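Structure record follows, encoded as structure tokens.
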Amino acid sequence: MVKRVKTAVFPVAGLGTRFLPATKAMPKEMLTVVDRPLIQYAVDEAKEAGITHFVFVTGRNKGVIEDHFDRQFELETTLETRGKLKALEELRQDLPSAGRTSFTRQQEPLGLGHAVWCARDIVGDEPFALLLPDMLFKGRRGVLKQMIEAYETTGGNVIAVEEVPHQEVSSYGVVGRGAGTDGGFAITEMVEKPKPQDAPSNLIISGRYILQPEIFSLLADQPRGAGGEIQLTDAMQTLMKSQPFAGVKYEGQSFDCGSKVGFLAANVAYALDRDDIAEDFLAALSKLGLIDGMKVAAE
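Put into structure tokens, the structure is as follows:
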């Protein structure tokens, strides 16, 4: 029997420099895709997968994220007084229940591995999920739910992967594929940003992980890697020597919302999927001469 994954870690301390000046005073995780912030999509995905404890690794000027997952009594009272009960119910549904959120600080920008290590005392000696809010996934089932299903069979550590054109692998962490199906196969190696001719496959790591707690002790002693940061991939490569890693080639579409193009594409895709605004959105796009392309996307 594998230990149930009950805790998810969300690294939200990044500076969001690619979205300046928008992120000068607002966390990048609060940028909205249609009408929901990126961090809410990640939390919703975790809730769908059965996560009950949500750990946010924050930094300076990120207090609005904590406020977002708290009750706003003045707003709730106003909505109730004005009879906007549907909006009120949606707000309440978005909130984790009392005592289910934890916040800790990453005082220095020392990389993803360091951010994960900052959550060690809250997570404790339990497996946990790690979700990067920059990555948004759209599909029939959430990516983390697909991973949990694989984890219940494979145990160990699980990484979500997707295919990219082989010539683009040098921009990503890449895994080698062993035996197994798309729903859970053995990972034989991990390489960070390999040259295309040296890559073990075209399967890239996609911002969703299930990790065993032994990763924390490795991160504590992990030397700084690329960019002078503590790299999670380096610690996972070490952990592979003693624990299995499985890959899940998930069903769904990904959007890298850490890039402007990915963020804009996500807004279009999610807007076209909304019954309440899709028709008006298409009408607005038609005025820009873009309607034909949008019709294809909607279909």
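Residue numbers for the sequence shown follow this note's numbering, beginning at -6 and rising by one.
C-beta atoms are modelled at their ideal positions from N, C-alpha and C, and glycine is treated no differently.
Since the structure is predicted, the reported quantities are computational estimates derived from the model, not experimental observations.
Which residue wins for smallest C-alpha separation from residue i, given the options the options?
i: G135; options: Y34, G171 and G104; result: Y34
i: F121; options: K131, E142 and A1; result: A1
i: G132; options: V57, L88, G52 and E41; result: E41
i: F66; options: R85, N54 and Y165; result: R85
i: D269; options: I32, C111 and V27; result: V27
i: T97; options: L103, C111 and G104; result: C111
i: Q190; options: V162, D214, T174 and I197; result: V162
i: V184; options: I197, G173, A262 and T174; result: I197
i: T94; options: T181, K(-1) and N260; result: K(-1)
i: F62; options: S210, P89 and D249; result: P89
i: Q380; options: T181, D266, F256 and A192; result: Only positions -6 to 292 of the chain appear in the structure, and residue 380 is not among them; the question remains open.
i: E156; options: K(-4), Q246, G7 and A259; result: Q246
i: L232; options: G149, L257 and F3; result: G149
i: Q139; options: T174, K186 and C250; result: T174
i: K(-4); options: E222, S279, I141 and G255; result: I141
Can you round the beta-carbon distance between residue i and residue j to whole angstroms, since I take them to be within the 8 angstroms contact cut?
i: P14; j: T147; result: Wrong, their Cβ atoms sit about 44 angstroms apart, outside the cutoff.
i: M19; j: V48; result: Not confirmed; about 22 angstroms, so no contact.
i: V109; j: I208; result: 7 angstroms
When we look at the beta-carbon of residue i and count the other beta-carbons within 10 Å, is it buried (16 or more) or exposed?
i: H107; result: buried
i: R64; result: exposed
i: L281; result: exposed
i: Q100; result: exposed
i: G117; result: exposed
i: S199; result: buried
i: G104; result: buried
i: V289; result: The predicted model places V289 with a pLDDT of 47, which falls under 50 and marks its position as unreliable, so this point remains unresolved.
i: T51; result: buried
i: E244; result: exposed
i: A91; result: exposed
i: Q215; result: buried
i: K55; result: buried
i: E83; result: exposed
If I measure Cβ to Cβ from residue i and keep anything under 6 angstroms in the same chain, skipping five residues before and after, which residues do I get?
i: G218; result: Q224 and D227
i: F274; result: A264
i: E292; result: Caution applies to E292, whose pLDDT of 47 falls short of 50 and renders its modelled position unreliable; the value that the coordinates give is listed next. Contacts found: none.
i: A80; result: L72
i: K21; result: G9 and F12
Grab me the residues of residue i's own chain with a C-beta within less than 7 angstroms of its C-beta, minus the 5 sequence neighbours each way, in chain order.
i: A293; result: Because residue 293 is not part of the residues shown, which for the chain are -6 to 292, the question remains open.
i: S194; result: V167, V168, G169 and R170
Note down, in chain order, each residue of its chain lying with its Cβ closer than 8 angstroms to the Cβ of residue i, except the 5 sequence neighbours on either side.
i: Q160; result: P189
Quick check on the DSSP output: what are the complete beta strand (DSSP E) runs of length 3 or more inside the segment 93 to 119, in order along the chain?
Within the segment 93 to 119, the complete beta strand (DSSP E) runs of at least 3 residues fall at 94 to 98.
Contiguous alpha helix (DSSP H) assignments of at least 4 residues, all confined to the segment 31 to 95:
As far as the segment 31 to 95 is concerned, its whole alpha helix (DSSP H) runs of at least 4 residues are 31 to 41, 56 to 61, 66 to 74 and 78 to 87.
Uninterrupted alpha helix (DSSP H) stretches inside the segment 196 to 251 (no shorter than 4 residues):
You should have 207 to 213 and 225 to 232.
Threshold first: 4 residues or longer. Then list the alpha helix (DSSP H) segments lying entirely within the segment 136 to 198, N to C.
Whole alpha helix (DSSP H) segments, 4+ residues: 136 to 147.
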